[in-house]
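Chains as they are written, first to last, in this note's numbering: chain A, 1 to 128; chain B, 1001 to 1187. Ideal placement from N, C-alpha and C gives every residue a C-beta, glycine not left out. I have placed the structure first, in the form of structure tokens, so that the comments after it can refer back to it.
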């Protein structure tokens, strides 16, 4: 649907913003390494889609275990989105995950320059 | 800013790019104008030019709205979630999720248009995806157009310094550097 201006959007539509498929991730809040929780396999598919987990591991193999692969994916994601790299599913990280976004991956072949500038700044600062 | 692996870009001999819309979407002129504005934001700061074509077969860039699995191995996921995706140069593939509700607004500024909503600003997404079509990857700078996420109700259409530096790394400024300095793009 195309709305040509804000006033043409039905009020009901404004009130109950369509819940996206990713809203279910919010129930994983607080999970960390060693946990097993229903839905972690879907979160791994999410991270695989955006390049944080190597696509060689097919979605069918993803388990609901919070393993080291997931932890490092979360840390890389947190760095790319300027979040504290806790490696855990804390509230700020989950809030970011559920936001609508571009379908292009953030990382390709496990590498990402997305936050290169910040790294560069850190290197320069360290050099100083 | 970042690039696709190998930093692909449109070749020097092909800086006047054409774009066309998938006919079966039957888009109105009003919707097509949104994309024309989005292309202009990038042509303003580079030597690139964009012209609309009526033939998807001859155009460098093809734009279409599709729902769910649409045959490119990257299915869309219904309302919200992934909004659109685009290929790196010189492929020219630009797909938007047909299950989204899109807002067409001519507002010139970046700002929050509405409280939480599932209506997404079409021009904001178009400017971002055109960045990919020209060779830019994602950026961690939240003000940047190439930042991967946007909330329903937000509008972000002005190129930030990060976007301009990235695209001019690939194409130069086409003698428009003065314009880009005065364009007041979001810092």
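Buried or exposed (CB count within 10 angstroms, at least 16 for buried), residue i
| i | result |
| --- | --- |
| residue 1002 of chain B | buried |
| residue 111 of chain A | exposed |
| residue 1039 of chain B | buried |
| residue 84 of chain A | exposed |
| residue 1009 of chain B | buried |
| residue 33 of chain A | exposed |
| residue 1 of chain A | exposed |
| residue 27 of chain A | exposed |
| residue 128 of chain A | Low confidence applies to residue 128 of chain A: its pLDDT is 42, below 50, so where it sits in the model is not reliable, and the reading given next is rough at best. Classification of residue 128 of chain A: exposed, given that the 10 Å Cβ count is below 16. |
| residue 971 of chain B | Since the first and last residues shown for chain B are 1001 and 1187, residue 971 of chain B lies out of range. |
| residue 1140 of chain B | buried |
| residue 1148 of chain B | buried |
| residue 29 of chain A | exposed |
| residue 20 of chain A | buried |
| residue 48 of chain A | buried |
| residue 1072 of chain B | exposed |
| residue 1082 of chain B | buried |
| residue 1030 of chain B | exposed |
| residue 1166 of chain B | buried |
| residue 1101 of chain B | buried |
| residue 113 of chain A | buried |
| residue 115 of chain A | buried |
| residue 1006 of chain B | exposed |
Nearest candidate by alpha-carbon position, reference residue i, set the options
| i | options | result |
| --- | --- | --- |
| residue 31 of chain A | A:110, A:91, A:50, A:114 | A:91 |
| residue 1175 of chain B | B:1078, B:1169, B:1045, B:1082 | B:1045 |
| residue 1055 of chain B | B:1021, B:1066, B:1122, B:1121 | B:1021 |
| residue 1162 of chain B | B:1149, B:1138, B:1007 | B:1138 |
| residue 1092 of chain B | B:1159, B:1158, B:1064, B:1145 | B:1064 |
| residue 100 of chain A | B:1145, B:1031, B:1150 | B:1150 |
| residue 1119 of chain B | B:1145, B:1144, B:1105, B:1152 | B:1152 |
| residue 1066 of chain B | B:1026, B:1047, B:1155 | B:1026 |
| residue 102 of chain A | B:1076, B:1101, B:1103 | B:1076 |
| residue 98 of chain A | A:42, A:5, A:87 | A:42 |
| residue 74 of chain A | A:61, A:44, A:56 | A:44 |
| residue 1023 of chain B | B:1142, B:1062, B:1074 | B:1062 |
| residue 24 of chain A | A:115, A:87, A:94, A:114 | A:94 |
| residue 1011 of chain B | B:1041, B:1047, B:1029 | B:1047 |
| residue 88 of chain A | A:7, A:40, A:50 | A:40 |
| residue 6 of chain A | B:1168, B:1103, B:1169, B:1142 | B:1103 |
| residue 1199 of chain B | B:1006, B:1070, B:1042 | Here chain B comprises residues numbered 1001 to 1187, so residue 1199 of chain B is not present and cannot be evaluated. |
Chain-order list of residues whose beta-carbon lies under 6 Å from that of residue i (same chain, five-residue window excluded)
| i | result |
| --- | --- |
| residue 1016 of chain B | 1049 |
| residue 36 of chain A | 64, 65 |
| residue 77 of chain A | 52 |
| residue 1035 of chain B | 1126 |
| residue 1144 of chain B | 1160, 1162, 1163 |
Cut-off 7 Å between Cβ atoms - residues of its own chain near residue i, not counting five sequence neighbours on either side
| i | result |
| --- | --- |
| residue 9 of chain A | 3 |
| residue 1084 of chain B | 1095, 1096, 1097, 1125, 1129 |
| residue 1004 of chain B | 1088, 1135, 1137 |
| residue 1099 of chain B | 1067, 1076, 1078, 1079 |
| residue 1171 of chain B | 1009, 1046, 1047, 1048 |
Cut-off 8 Å between Cβ atoms - residues of its own chain near residue i, not counting five sequence neighbours on either side
| i | result |
| --- | --- |
| residue 1014 of chain B | 1060, 1090 |
| residue 1053 of chain B | 1018, 1019, 1020, 1059 |
| residue 120 of chain A | Low local confidence applies: a pLDDT of 46 at residue 120 of chain A is under 50, so the model's placement there is unreliable, with the coordinate-based value given in what follows. Same-chain partners within the cutoff: there are none. |
| residue 1105 of chain B | 1113, 1121, 1123, 1155 |
| residue 1032 of chain B | 1021, 1052 |
| residue 22 of chain A | 46, 97, 98 |
| residue 38 of chain A | 64 |
Taking contact to mean 3 or more Cβ pairs, one atom from each stretch, closer than 8 Å, check whether the region 1131-1145 of chain B and the region 1079-1090 of chain B are in contact. yes
Ranges of the beta strand (DSSP E) found wholly within the region 1076-1144 of chain B, counting only runs of at least 3: 1084-1086, 1093-1097, 1101-1103, 1119-1121
Should the region 70-84 of chain A be called in touch with the region 98-113 of chain A, which here means at least 3 C-beta pairs below 8 Å? yes
Taking only runs of the beta strand (DSSP E) that begin and end inside the region 1020-1079 of chain B, which ones reach a length of at least 3 residues, in chain order? 1049-1052, 1061-1066, all fully within the region 1020-1079 of chain B.
In chain order, which alpha helix (DSSP H) runs of at least 4 residues are fully inside the region 42-99 of chain A? 68-80, 91-97
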